[in-house]
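Down below is the structure, laid out as structure tokens.
Residue numbers (the numbering used here): -8 to 182.
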């Protein structure tokens, strides 16, 4: 396969898994179905979640089908990348790759959660400046409000400027670079 084909497949998989993560986070934040952001997440994931809900209905707590769907998409993407390792390294068995695909898929789901939160912080800042009456604002704000409330306890506004979204973006970037990067490197070293 060509590099651009793999890149396109990665991009499509990331979008599908990212929409499932977005739906899971929006449902957890209590965003109503009428919100355009929630509606987009519902429409783009319902085809897969309808067959996952029944086997997962016995799990306690809220519906985890969107999170499981995101993990499955990431699992198959990781398995496809690791299968190239198998093709190039024939002495190791294919079963050897399954635990690493499971681990990489979990790391990727956490990474996608952080990306969704980062996008929400960026959209919150952008919409609050440009269009504070946008219907998207309620969904975006629901995603990051818990983080911002914690930060606002420690960081007061400077006049009329709220620096907590900037601090939150720095925290998320640090989490991606140090936390997720370290987890990815650990999984790859253990392979």
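The C-beta atom is built at its ideal place from N, Cα and C for all residues, glycine as well.
Note that the structure is a prediction, hence the values are computed from the model and not measured.
Under the 10 Å beta carbon count, residue 179 is surrounded by fewer than 16 other beta carbons and is classified as exposed. C-alpha of residue 33 to C-alpha of residue 112: approximately 21 Å in a straight line. Distances from the CA of residue 27 to each of 174, -5, 129 were compared; the closest alpha carbon is that of 129. For residue 112, the three-state secondary structure derived from DSSP is helix. A Cβ-Cβ distance of about 15 Å is found for the pair residue 57 and residue 106, leaving them out of contact under the 8 Å criterion. For residue 41, the enclosing alpha helix (DSSP H) stretches over residues 27 to 47.
The closest CA to that of residue 104, considering only 140, 35, 10, is found on 10. About 4 Å separates the CB atoms of residue 133 and residue 20; that is less than 8 Å, so the two are in contact.
Beta-bridge partners assigned by DSSP to residue 135: none are found. Residue pairing for residue 152: DSSP places it in a beta bridge opposite 149.
Here DSSP, grouped into helix, strand and coil, assigns residue 52 to coil. The Cβ atoms of residue 95 and residue 69 lie closer than 7 Å to each other.
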